[in-house]
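Inspection log for the structure reproduced underneath, given as structure tokens.
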Amino acid sequence: GCNPLAETGRSKLQNQRAILNQQILRAVRMRAGAENLLRATTNNKVREQVLLELSFVNSDLQILKEELEGLNISVEVYQNAEEAFSIPLVPLGLKETKDVDFTLPLKDFILEHYSEDSSEYEDEIADLMDLRQACRTPSRDEAGIEMLISYFLQLGYVENRFFPPTRHIGVLFTWYDSFTGVPVCQQNLLLEKASILFNIGALYTQIGTRCNRQTQAGLENAVDAFQKAAGVLSYLKETFTHTPSYDMSPAMLNVLVKMMLAQARECVFEQIGLSGIRNEFFTLVKMTQEVAKVGEVYMLVNTAMNQEPVKENIPYSWSKLAQIKSDHYKALAHYFLATILCDHELQPGDDKDQQEKALSQLYESVPEGLMVLAVLKDKVQRKQLGKAHLRKAIVYHEEALRVCGLCKKLRNIEVLQEVLTAAHKRSLLKYAQQETEDDFLSLIQAPDILPKTEHKIETIAPQFSKVKVKDFFHKLGPLTVFSAKQRWTAPRTIRLHHEAGELGFSLKGGSPVQVYCLDPVCSAASAGLKEGDYIVSVGGMDCKWLGVNEVLEKLKSVGKQPMELDVISCQDTAASLHSKSATYSMGMQKTYSLICLAMDEDKIDQTKKAPLKLPFLSWGTKNRQKAASTLCLPSAVAGSSQIKKKLSPFTLLNTESSLY
Numbered sequence: 055g056c057n058p059l060a061e062t063g064r065s066k067l068q069n070q071r072a073i074l075n076q077q078i079l080r081a082v083r084m085r086a087g088a089e090n091l092l093r094a095t096t097n098n099k100v101r102e103q104v105l106l107e108l109s110f111v112n113s114d115l116q117i118l119k120e121e122l123e124g125l126n127i128s129v130e131v132y133q134n135a136e137e138a139f140s141i142p143l144v145p146l147g148l149k150e151t152k153d154v155d156f157t158l159p160l161k162d163f164i165l166e167h168y169s170e171d172s173s174e175y176e177d178e179i180a181d182l183m184d185l186r187q188a189c190r191t192p193s194r195d196e197a198g199i200e201m202l203i204s205y206f207l208q209l210g211y212v213e214n215r216f217f218p219p220t221r222h223i224g225v226l227f228t229w230y231d232s233f234t235g236v237p238v239c240q241q242n243l244l245l246e247k248a249s250i251l252f253n254i255g256a257l258y259t260q261i262g263t264r265c266n267r268q269t270q271a272g273l274e275n276a277v278d279a280f281q282k283a284a285g286v287l288s289y290l291k292e293t294f295t296h297t298p299s300y301d302m303s304p305a306m307l308n309v310l311v312k313m314m315l316a317q318a319r320e321c322v323f324e325q326i327g328l329s330g331i332r333n334e335f336f337t338l339v340k341m342t343q344e345v346a347k348v349g350e351v352y353m354l355v356n357t358a359m360n361q362e363p364v365k366e367n368i369p370y371s372w373s374k375l376a377q378i379k380s381d382h383y384k385a386l387a388h389y390f391l392a393t394i395l396c397d398h399e400l401q402p403g404d405d406k407d408q409q410e411k412a413l414s415q416l417y418e419s420v421p422e423g424l425m426v427l428a429v430l431k432d433k434v435q436r437k438q439l440g441k442a443h444l445r446k447a448i449v450y451h452e453e454a455l456r457v458c459g460l461c462k463k464l465r466n467i468e469v470l471q472e473v474l475t476a477a478h479k480r481s482l483l484k485y486a487q488q489e490t491e492d493d494f495l496s497l498i499q500a501p502d503i504l505p506k507t508e509h510k511i512e513t514i515a516p517q518f519s520k521v522k523v524k525d526f527f528h529k530l531g532p533l534t535v536f537s538a539k540q541r542w543t544a545p546r547t548i549r550l551h552h553e554a555g556e557l558g559f560s561l562k563g564g565s566p567v568q569v570y571c572l573d574p575v576c577s578a579a580s581a582g583l584k585e586g587d588y589i590v591s592v593g594g595m596d597c598k599w600l601g602v603n604e605v606l607e608k609l610k611s612v613g614k615q616p617m618e619l620d621v622i623s624c625q626d627t628a629a630s631l632h633s634k635s636a637t638y639s640m641g642m643q644k645t646y647s648l649i650c651l652a653m654d655e656d657k658i659d660q661t662k663k664a665p666l667k668l669p670f671l672s673w674g675t676k677n678r679q680k681a682a683s684t685l686c687l688p689s690a691v692a693g694s695s696q697i698k699k700k701l702s703p704f705t706l707l708n709t710e711s712s713l714y
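Residue 315 in my numbering sits at position 261 of the sequence shown, and the numbers go up by one each step.
Structure below.
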């Protein structure tokens with residue numbers, strides 16, 4: 055990973071994000087304590103003091119949330135360093151996390167479950183922790199992506215090796231919401247995997263915004279990066295359906311996917327016009343349709359951002375930027391069409407049928423009393439319709455500038471103001487160049503332009519198979535047998551004696567080999583060997599990864615001397631799965647449940663074996679009132695009236711359903 059102490063613009067933003075996350079955590083803890091006291095007390099004077107304190111804490115939380123939003127709209131830091139006259143693109147910030155110490159839980163599990171000396175795996179555990187630490191500061195390039203994917207794939211091995219479905223092993227993962235800054239803590243490894251996937255998508259967006267949009271190669275890389283970001287976020291949405299964090303909720307991920315595809319579409323339009331836009335009829339028709347498509351997709355993004363439950367948590371400036379881009383690109387479409395009508399009169403040598411067909415494709419319906427061919431032939435009608443499109447372009451430009459001026463965060467982005475102002479002035483100049491004496495006679499309203507594109511933009515699914523990783527805990531044996539789901543007896547030592555060159559049993563399977571066709575009266579059976587036992591070592595040499603032929607060679611190489619085999623027997627694992635879920639709480643669309651943050655996570659004694667408990671985020675309507683130390687983001691409401699269920703993406707799932 056990158057040097058965490060490096061003073062780059064991106065690292066400074068991430069450090070500010072980490073500081074804000076801690077401040078938000080303290081404020082949420084204070085509010086949780088005040089809400090608990092409010093529910094517990096009946097003293098009116100105490101209640102008044104608590105309500106006053108709650109108002110202060112809620113105000114503080116709102117201020118902190120606005121500061122976090124300011125970090126999310128700090129798009130200039132992520133743009134290419136070259137001078138560019140382009141509207142900034144929006145990247146996603148990386149999710150922050152706390153340190154995790156795997157040492158004691160994994161060593162205990164290796165000793166208890168695999169019956170091996172855990173001290174032999176200290177280097178492997180250190181490698182895993184080093185990789186996780188490096189993933190907190192990935193480089194903004196393909197190497198950073200590959201490192202995050204490597205850790206994600208490594209987590210698949212770790213999950214199968216050390217996280218049994220029936221219990222938790224005491225590793226607590228804490229990740230902060232990218233938009234609200236509120237922490238989510240669980241002992242479920244799936245939270246870790248989902249958060250890493252989110253960061254892979256976020257890193258792709260940062261790579262896309264960093265590309266040089268003044269070159270063809272840079273724009274191609276930007277389009278590819280945003281499509282890959284959309285693919286990763288879409289994969290996250292489909293794979294982890296009930297994540298307890300708003301930034302990874304299905305509704306939020308759906309909006310983020312749309313936003314990334316819209317930015318890819320914007321880069322495609324810039325790519326088409328990079329070499330310049332010729333003032334030629336059919337070229338302008340194509341550009342009109344392409345830019346109208348960009349305006350349409352941003353309008354859909356803006357609509358999605360203003361829907362519940364996303365509206366409450368998406369940065370306000372993102373929504374306004376999507377609205378500005380929609381208006382800006384719609385204005386450009388009307389400007390291009392006005393240029394077609396005003397600058398290109400039908401000449402004797404022109405193909406009027408082709409021009410009529412091309413112009414007809416831009417409209418769903420022309421204004422009443424007009425026909426496309428008549429407009430092409432009549433100079434007056436062309437001028438009137440062209441000026442109508444210019445007026446509509448000016449209206450869209452003015453609306454974009456107005457919205458930009460109303461948003462404090464966007465108002466401070468100089469290049470955005472410059473691009474919008476320049477486009478507005480260009481439309482005004484074009485309109486001023488037309489004859490204006492008969493304006494009062496012109497009653498034509500410019501019709502909407504139909505968007506169309508020849509360039510397909512779609513998500514690119516993550517290619518995890520291209521990144522090759524080796525299981526850190528390869529020494530434990532083949533994963534198909536030596537996993538957390540399987541249970542065996544402790545290794546037993548069997549002392550064998552050759553009987554006339556016969557072993558008294560046969561071997562089968564891959565790695566490790568298995569005993570079958572055991573002669574019940576042979577010396578091996580008498581020594582305790584059983585049908586179906588796995589051989590894990592021969593004469594003190596580990597053979598978990600050896601096949602049948604290799605093990606037989608080892609057995610024969612000993613000769614007539616007595617030999618020792620270490621074997622294990624598989625046990626039935628019919629225990630019921632622990633499927634308590636962490637999910638959104640009913641009637642709490644504005645936030646989500648958190649863990650019992652009143653406890654000090656950093657001081658958990660992981661060496662003690664505690665009895666099975668509910669997961670930190672497992673609570674529903676029955677124990678909601680009991681969870682006095684469980685934090686909730688909504689403000690306190692006196693009373694305990696039953697909340698009606700609502701059908702929404704955040705509807706409370708049954709507490710017995712699985713988390714992911």
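Ideal placement from N, C-alpha and C gives every residue a C-beta, glycine not left out.
For clarity, every value in this text was computed on a predicted model and none was experimentally measured.
Put residue i into one of helix, strand or coil per three-state DSSP.
i    : result
T228 : strand
D596 : strand
S393 : Looking at the sequence provided, one finds Thr at residue 393 rather than Ser. Three-state DSSP puts T393 in a helix.
E324 : helix
Q549 : It is worth fixing the name first, because residue 549 is Arg in this sequence and not Gln. Residue state, collapsed to three classes: strand.
C624 : strand
Q568 : strand
V590 : strand
M183 : helix
Measure how close the beta-carbons of residue i and residue j come, nearest whole angstrom, since I'm counting them as under 8 Å.
i    : j    : result
L395 : H451 : Incorrect: roughly 18 Å between the Cβ atoms, too far for contact.
A500 : R445 : 7 Å
Q625 : R546 : Rounded, the Cβ-Cβ distance is 13 Å, inconsistent with contact.
R549 : E618 : 6 Å
Q415 : F335 : Not confirmed; about 13 Å, so no contact.
V104 : L92  : 5 Å
H551 : S577 : 5 Å
L572 : A581 : With a Cβ gap of about 11 Å, L572 and A581 do not count as contacting.
F217 : K247 : At roughly 11 Å, the Cβ-Cβ gap does not stay under 8 Å, so F217 and K247 are not in contact.
How long is the line joining the alpha carbons of residue i and residue j, rounded to whole angstroms?
i    : j    : result
Y370 : L460 : 11 Å
K379 : L143 : 10 Å
I254 : G198 : 9 Å
G327 : I141 : 15 Å
P616 : L583 : 15 Å
A271 : Y389 : 28 Å
M302 : A544 : 42 Å
P532 : P566 : 7 Å
E107 : E150 : 29 Å
R215 : L243 : 12 Å
T293 : Q70  : 31 Å
K610 : M595 : 14 Å
M314 : K433 : 43 Å
L182 : K524 : 12 Å
K347 : T507 : 7 Å
Y258 : L202 : 11 Å
Y570 : I223 : 35 Å
Would residue i be called buried (16 or more neighbouring beta carbons within 10 Å of its own) or exposed?
i    : result
A358 : buried
R186 : buried
H167 : buried
F110 : exposed
H528 : exposed
E319 : It should be noted that the sequence gives Arg, not Glu, for residue 319. Counting Cβ neighbours within 10 Å, R319 comes out buried, since at least 16 surround it.
P574 : exposed
N367 : buried
L483 : exposed
I117 : exposed
T95  : exposed
F139 : exposed
G330 : exposed
K282 : buried
H478 : buried
Confirm the yes/no value for this check: CB of residue i, any heavy atom of the ligand NAD, distance under 8 Å.
i    : result
S371 : Ligands displayed in this structure: none; no statement on the ligand NAD is therefore possible.
Could you name each continuous beta strand (DSSP E) segment of 3 residues or more that falls completely within the region 199-247, going from the start of the chain to the end? 227-230 and 237-240
Can you check the region 249-312 for any beta strand (DSSP E) of at least 3 residues that lies completely inside it and give the ranges in chain order? none
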